[in-house]
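Enquirer:
There are 2 protein chains.
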Amino acid sequence: MAVHIEDLAIGDLARRTGVKVPTIRYYESIGLMPEPARSEGGQRRYGAGHLARLRFVRHARDLGFEIDAIRELLAMAADPQGGCGEAHAITRAHLAEVEDKIARLVALRDELRAMLACDNGRVADCRIIEVLADHEKCLHDSH
Amino acid sequence: MAVHIEDLAIGDLARRTGVKVPTIRYYESIGLMPEPARSEGGQRRYGAGHLARLRFVRHARDLGFEIDAIRELLAMAADPQGGCGEAHAITRAHLAEVEDKIARLVALRDELRAMLACDNGRVADCRIIEVLADHEKCLHDSH
DNA sequence: GCTACGCCCTCTAGCGACTAGAGCTTCAAG
DNA sequence: CTTGAAGCTCTAGTCGCTAGAGGGCGTAGC
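Structure follows, in structure tokens:
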């Protein structure tokens, strides 16, 4: 909060947050970002509040939160006196999903590695095609 | 190949492969599955070849291969005399993506776990909102 | 043969989260 | 005052399906 930032063009905001220009406009269109002020010629002009909010959004997206979850997180962030139990619930649900995804990807990784253990010869002898053609040859039954 | 399967309705094929009926029609529309024969009344009738091909597709999709990659794998599977180097290349590329995704998800998981280490009190003290609002408080700089 | 019911048909539109392009206007540096 | 980058709106496309409307087909029982 040392420097007072005002009147950023959309491109400046994009550079400062790492969010692409069309994506910023898209966020505005779905109500995730508020409509900014406009220059006399009609161009968007952003301030420190927009910058902070967009960084919050960007970070949450990087963390894999869905837009609707971010909407809820934003609403909570706007109310510092409220409880954060809901934020916990959202985060826990998200964590569970992430852990599940990791487990499935690890199984998949092992399977892909096993598939690569072939001598690169003809298709007739290739484990990759073979495994894909016949599920029984898989390492796991998980899928 | 013990039993000769012919004249499956689309629903039978769906049950035998675990691929939903509209998805089978979708695969046909994008040329991933060939157009099947039709009954007198115009309903699709599938044979053993379709069944095998759809199982191949299903399995590859489960393994996270994209449709275009599956197209290439299918073309290779159809040519058992050809080399399988390309199948290796596709699989290796896919494996690299999967490993990358795992690494990022693990970092994310740790971050989410750290975020949950808050006493569930007011938003003003909540690490979740705080971390999302300020990237600097993250565990990693990876994102 | 007739009816009932489940399955099948085509077609269009929608999802999430953007991304790309056309065709035009505005801004700021030189 | 000109130029060129960056902004504007709008539409349409991406991927891999999924949902729904409004109808036609197939078969089992009577």
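So the protein sequences, as listed, match chains A and B. Counting from 1, position 93 in the first sequence corresponds to residue 93 in our numbering; the numbering is continuous, with no gaps. Counting from 1, position 132 in the second sequence corresponds to residue 1132 in our numbering; the numbering is continuous, with no gaps. For each residue, glycine too, the CB sits at the ideal point set by N, CA and C.
1. Would you identify the three-state DSSP class for Ala1077/B, choosing helix, strand or coil?
2. Mind checking if Thr17/A is an interface residue toward chain B, Cβ cutoff 8 Å exclusive?
3. Measure from the alpha carbon of His1094/B to the alpha carbon of each residue in Ala48/A, Val106/A, Ala87/A, then state which is nearest.
4. Met115/A touches chain B at which residues, Cβ-Cβ below 7 Å?
5. Could you have a look at Ala37/A and say whether DSSP puts it in helix, strand or coil?
6. Secondary structure at Leu1008/B, three-state DSSP: helix, strand or coil?
7. Could you spell out where the alpha helix (DSSP H) holding Val21/A opens and where it closes?
8. Please name the residue, chosen from Phe65/A, Arg104/A, Leu51/A, Ala117/A, that lies closest to Ala14/A on a Cα-to-Cα basis.
9. Mind checking Asp1038/B: buried by the 16 CB within 10 Å criterion, or exposed?
10. Is the beta carbon of Leu112/A closer than 8 Å to that of Thr1091/B?
11. So, is the C-beta of Gly64/A closer than 8 Å to a C-beta in chain B?
12. Establish whether the CB of Lys1020/B and some CB of chain A are separated by less than 8 Å.
13. Go to Glu1099/B, then tell me how far its alpha helix (DSSP H) extends in each direction, as first and last residue.
14. Following the continuous alpha helix (DSSP H) through Gly1049/B, name the residue where it begins and the one where it ends.
15. From this set, Arg109/A, Lys101/A, Ala9/A, Arg104/A, which residue's C-alpha is nearest Glu40/A's C-alpha?
16. Hey, how far is the Cα of Gly11/A from the Cα of Arg53/A?
17. Would a check of beta-carbon distances place His1088/B closer than 8 Å to chain A?
18. So, is the C-beta of His1050/B closer than 8 Å to a C-beta in chain A?
19. List the residues of chain A whose Cβ lies closer than 8 Å to the Cβ of Leu1108/B, in chain order.
20. Name the chain B residues whose beta carbon is nearer than 7 Å to that of Ile102/A?
21. Measure the C-alpha to C-alpha separation of Leu63/A and Ser29/A and round it to an integer number of angstroms.
22. How close, in whole Å, do the beta carbons of Arg109/A and Ile1102/B come, if the pair is a contact with beta carbons under 8 Å?
23. Cα separation between Arg1061/B and Ile1070/B?
Expert: This is what the structure gives:
1. As a first step, residue 1077/B must be located in the second sequence, where it is residue number 77. DSSP places Ala1077/B in helix when its eight states are reduced to three.
2. Position 17 of the first sequence, counting from 1, holds the residue named residue 17/A. Taking Cβ atoms only, chain B never reaches closer than 8 Å to Thr17/A, which makes this a no.
3. Position 94 of the second sequence holds residue 1094/B. Answer by Cα proximity: Val106/A.
4. Locating residue 115/A in the first sequence gives position 115, where the first residue counts as 1. Here the neighbours are Thr1091.
5. Within the first sequence, the letter at position 37 stands for residue 37/A. Correct three-state label for Ala37/A: strand.
6. One-based indexing of the second sequence puts residue 1008/B at position 8. Annotated three-state conformation of Leu1008/B is strand, per DSSP.
7. Position 21 of the first sequence, counted from the first residue, corresponds to residue 21/A. Looking at the DSSP string, the run of the alpha helix (DSSP H) that includes Val21/A is 21-29.
8. Residue 14/A sits at position 14 when you count from the first residue of the first sequence. Comparing Cα positions, the closest option is Leu51/A.
9. Within the second sequence, numbered from 1, the residue matching residue 1038/B stands at position 38. This sequence places Arg at residue 1038/B; Asp is not what is there. Classification of Arg1038/B: exposed, given that the 10 Å Cβ count is below 16.
10. Here residue 1091/B is taken as the residue at index 91 of the second sequence, counted from 1. Here residue 112/A is taken as the residue at index 112 of the first sequence, counted from 1. Yes, Cβ-Cβ distance for Thr1091/B and Leu112/A is below 8 Å.
11. Taking the first sequence and counting its residues from 1, the one referred to as residue 64/A is at position 64. Taking Cβ atoms only, chain B reaches closer than 8 Å to Gly64/A, which makes this a yes.
12. As a working mapping, residue 1020/B is identified with position 20 in the second sequence. No, Lys1020/B does not count as interfacial toward chain A.
13. Here the question's residue 1099/B lines up with position 99 in the second sequence. Looking at the DSSP string, the run of the alpha helix (DSSP H) that includes Glu1099/B is 1085-1115.
14. Taking the first residue of the second sequence as 1, we reach residue 1049/B at position 49. From DSSP, the alpha helix (DSSP H) with Gly1049/B extends over 1048-1062.
15. Position 40 of the first sequence holds residue 40/A. Per the Cα distances, Ala9/A.
16. What you label residue 11/A is simply residue 11 of the first sequence in a count that begins at 1. What you label residue 53/A is simply residue 53 of the first sequence in a count that begins at 1. So the two alpha carbons sit approximately 16 Å from each other.
17. What you label residue 1088/B is simply residue 88 of the second sequence in a count that begins at 1. Interface residue, yes.
18. Residue mapping note: residue 1050/B aligns to position 50 of the second sequence, counting from 1. Output row for His1050/B: interface = no.
19. Counting from one through the second sequence, the residue named residue 1108/B turns up at place 108. Ordered by position in chain A, the residues that pass the 8 Å Cβ test against Leu1108/B are Leu63, Gly64, Val98.
20. Within the first sequence, the letter at position 102 stands for residue 102/A. Going along chain B in sequence order, the residues near Ile102/A (Cβ under 7 Å) are Ile1102, Leu1105, Val1106, Arg1109.
21. To locate residue 63/A, count along the first sequence from 1; it is residue 63. To locate residue 29/A, count along the first sequence from 1; it is residue 29. One C-alpha to the other measures close to 22 Å.
22. Numbered from 1 along the first sequence, position 109 holds the residue referred to as residue 109/A. Numbered from 1 along the second sequence, position 102 holds the residue referred to as residue 1102/B. Contact flag correct, Cβ pair sits at about 6 Å.
23. Taking the first residue of the second sequence as position 1, residue 1061/B is located at position 61. Taking the first residue of the second sequence as position 1, residue 1070/B is located at position 70. In a straight line, the C-alpha of Arg1061/B is about 8 Å away from that of Ile1070/B.
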